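>
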Amino acid sequence: MSTLEIKDLHVRVEEKEILKGVNLTINTNEIHAIMGPNGTGKSTLSAAIMGNPNFEVTQGEILLDGENILELEVDERARLGLFLAMQYPSEIAGITNAEFMRAAMNAGRAEEDKIGVMAFLKKLDDKMALLAMHEDMAERYLNEGFSGGEKKRNEILQLLMLEPKFAILDEIDSGLDIDALKVVSKGVNAMRGEKFGALIITHYQRLLNYITPDVVHVMMEGRVVMTGGAELASRLETEGYHGIAKELGIEYKEEA
Ligand SMILES: Nc1ncnc2c1ncn2[C@@H]1O[C@H](COP(=O)(O)OP(=O)(O)OP(=O)(O)O)[C@@H](O)[C@H]1O
Ligand SMILES: [Mg+2]
Numbered sequence: 108m109s110t111l112e113i114k115d116l117h118v119r120v121e122e123k124e125i126l127k128g129v130n131l132t133i134n135t136n137e138i139h140a141i142m143g144p145n146g147t148g149k150s151t152l153s154a155a156i157m158g159n160p161n162f163e164v165t166q167g168e169i170l171l172d173g174e175n176i177l178e179l180e181v182d183e184r185a186r187l188g189l190f191l192a193m194q195y196p197s198e199i200a201g202i203t204n205a206e207f208m209r210a211a212m213n214a215g216r217a218e219e220d221k222i223g224v225m226a227f228l229k230k231l232d233d234k235m236a237l238l239a240m241h242e243d244m245a246e247r248y249l250n251e252g253f254s255g256g257e258k259k260r261n262e263i264l265q266l267l268m269l270e271p272k273f274a275i276l277d278e279i280d281s282g283l284d285i286d287a288l289k290v291v292s293k294g295v296n297a298m299r300g301e302k303f304g305a306l307i308i309t310h311y312q313r314l315l316n317y318i319t320p321d322v323v324h325v326m327m328e329g330r331v332v333m334t335g336g337a338e339l340a341s342r343l344e345t346e347g348y349h350g351i352a353k354e355l356g357i358e359y360k361e362e363a
């Protein structure tokens, strides 16, 4: 079993403190969901876990199997088994989707462990079939001209190819049509197991009907303010964030 621990994490962006002491522990074999109002720091948390240098950690720790990873670069964290599906995936001209994934899979592997072309293509075929993706998508430049939904599906393809220990999936459901939502969920559920844990950031219960979370966290004002089971997402769906804000005495002005 592996563990990803976030302890009292404070993160500053452009001189402003966005995360104000986040605590969170995810084990492999667990799917956690984070829900929270816009601008509350969910994507900031995912960027900080992955090591985006624009997000300055001013306090706290991120531990992977007990080792502090805060000093590691993004690619080093990826090699240790962390994966982030970004809310807004970047477009990269000049490198095809397949080339990118093969390079990512082989990064940091010893020569004898590198995945060969045939094995790579076989795996790619299998995973693209699982996600009902058109084969052309592999040879297009990474995310360039991909529709919003295609980008999301492609993030899940990368997830299935790379098989990380821990995946942070930032709004993988946004912009997906009803069928695509099911396909993306099927992809995530295919990863479930003893060697995989996930943190799913979402605004909607709908995704969680397909990917049942073991734990649901509510994030407000840069902190995890409440943690519960799948029923917490249902509560949010009916009450919005007002009920929780009131219960916890958090100032929350957004109109319902
Ligand atoms: N590069 C940046 N420069 C300035 N402010 C930033 C930057 N990145 C994030 N912020 C601010 O940090 C706060 C948290 O943003 P973040 O993207 O983490 O929110 P979120 O919870 O993911 O919201 P959403 O649900 O809308 O995706 C926001 O107020 C945002 O404007
Ligand atoms: Mg966000």
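Mapping of the sequence shown onto the numbering used here: residues 108 to 363, in sequence order. Cβ coordinates follow ideal geometry from the N, Cα and C atoms, glycine included. Predicted model, so just to flag it, every value in this text is computed and none were measured.
#1: Within this structure, are the beta carbons of residue 276 and residue 290 separated by less than 8 Å?
#2: Take residue 236 as the anchor and find which of 226, 162, 109 and 264 has the nearest alpha-carbon.
#3: Give me whichever residues DSSP pairs with residue 139 in a beta bridge.
#4: Residue 277: beta carbon under 7 Å from a heavy atom of ligand 2?
#5: Tell me the DSSP secondary structure of residue 248 in three-state form.
#6: Which value, in whole angstroms, describes the spacing of the CA atoms of residue 168 and residue 216?
#7: Run through DSSP, which three-state label would residue 349 get?
#8: In whole angstroms, what is the alpha-carbon distance linking residue 281 and residue 148?
#9: If you follow the beta strand (DSSP E) that residue 277 is in, where does it begin and where does it stop?
#10: Are the Cβ atoms of residue 158 and residue 180 separated by less than 8 Å?
#11: Given the structure, does residue 281 come close to ligand 2, in the sense that its CB is under 7 Å from one of the ligand's heavy atoms?
#12: Across the region 132-147 and the region 315-334, are there enough close Cβ pairs to call them in contact, namely three or more that are closer than 8 Å?
#13: In angstroms, rounded to a whole number, what distance separates the CA positions of residue 351 and residue 135?
#14: Between residue 312 and ligand 1, is the CB less than 7 Å from at least one heavy atom?
#15: So the candidates are 114, 118, 120 and 302; which of them puts its Cα closest to the Cα of residue 132?
#16: Between the Cα of residue 125 and the Cα atoms of 306, 287 and 164, which residue gives the shortest distance?
#17: Any idea what DSSP makes of residue 360, helix, strand or coil?
#18: State yes or no: is the C-beta of residue 341 nearer than 7 Å to some heavy atom of ligand 1?
#19: Can you give the Cα-Cα distance for residue 348 and residue 360, rounded to whole angstroms?
#20: Beta strand (DSSP E) containing residue 115: first to last residue?
#21: So residue 161 packs on residue 118, CB below 8 Å; how close in whole Å?
Well, looking at it:
#1: The residue given as residue 276 occupies position 169 in the sequence shown. The residue given as residue 290 occupies position 183 in the sequence shown. Not in contact: residue 276 and residue 290 (Cβ atoms no closer than 8 Å).
#2: Your numbering for residue 236 matches position 129 in the sequence shown. That would be 264, whose Cα lies nearest to the Cα of residue 236.
#3: Taking the first residue of the sequence shown as 1, we reach residue 139 at position 32. Beta-bridge pairing links residue 139 to 306 and 322.
#4: Taking the sequence shown and counting its residues from 1, one reaches residue 277 at position 170. Yes, ligand 2 has a heavy atom inside 7 Å of this Cβ.
#5: Residue numbering aside, residue 248 sits at position 141 when the sequence shown is read from its first letter. The answer is strand: DSSP assigns residue 248 an E or B state.
#6: Position 61 of the sequence shown holds residue 168. Position 109 of the sequence shown holds residue 216. Approximately 27 Å between the Cα atoms of the pair.
#7: Walking along the sequence shown from the start, residue 349 turns up at place 242. Helix.
#8: Within the sequence shown, residue 281 is the residue found at index 174, counting from 1. Within the sequence shown, residue 148 is the residue found at index 41, counting from 1. Cα-Cα distance, rounded: 17 Å.
#9: The residue given as residue 277 occupies position 170 in the sequence shown. From DSSP, the beta strand (DSSP E) with residue 277 extends over 273-277.
#10: Here residue 158 corresponds to residue number 51 of the sequence shown, with the count starting at 1. Here residue 180 corresponds to residue number 73 of the sequence shown, with the count starting at 1. A contact, by the Cβ cut-off of 8 Å.
#11: The residue labelled residue 281 in the question sits at position 174 within the sequence shown. Because no heavy atom of ligand 2 lies under 7 Å away, the Cβ of residue 281 does not count as near it: no.
#12: yes
#13: Numbered from its first residue, the sequence shown carries residue 351 at position 244. Numbered from its first residue, the sequence shown carries residue 135 at position 28. So the alpha carbons of these two residues sit roughly 28 Å apart.
#14: Your numbering for residue 312 matches position 205 in the sequence shown. No - ligand 1 has no heavy atom lying nearer than 7 Å to the Cβ of residue 312.
#15: For the purposes of this step, residue 132 is taken as the residue at position 25 of the sequence shown. Of 114, 118, 120 and 302, the residue nearest in Cα terms is 114.
#16: The count along the sequence shown starts at 1 and reaches residue 125 at position 18. It is 164.
#17: Against the sequence shown, residue 360 aligns to sequence position 253. Coil, per DSSP.
#18: Here residue 341 refers to the residue found at position 234 of the sequence shown. False, no ligand heavy atom lies under 7 Å from that Cβ.
#19: Within the sequence shown, the letter at position 241 stands for residue 348. Within the sequence shown, the letter at position 253 stands for residue 360. Going by the C-alpha atoms only, they are around 10 Å apart.
#20: Within the sequence shown, the letter at position 8 stands for residue 115. Run containing residue 115: 110-120, per the beta strand (DSSP E) assignment.
#21: Counted from its first residue, the sequence shown places residue 161 at position 54. Counted from its first residue, the sequence shown places residue 118 at position 11. Incorrect: roughly 10 Å between the Cβ atoms, too far for contact.
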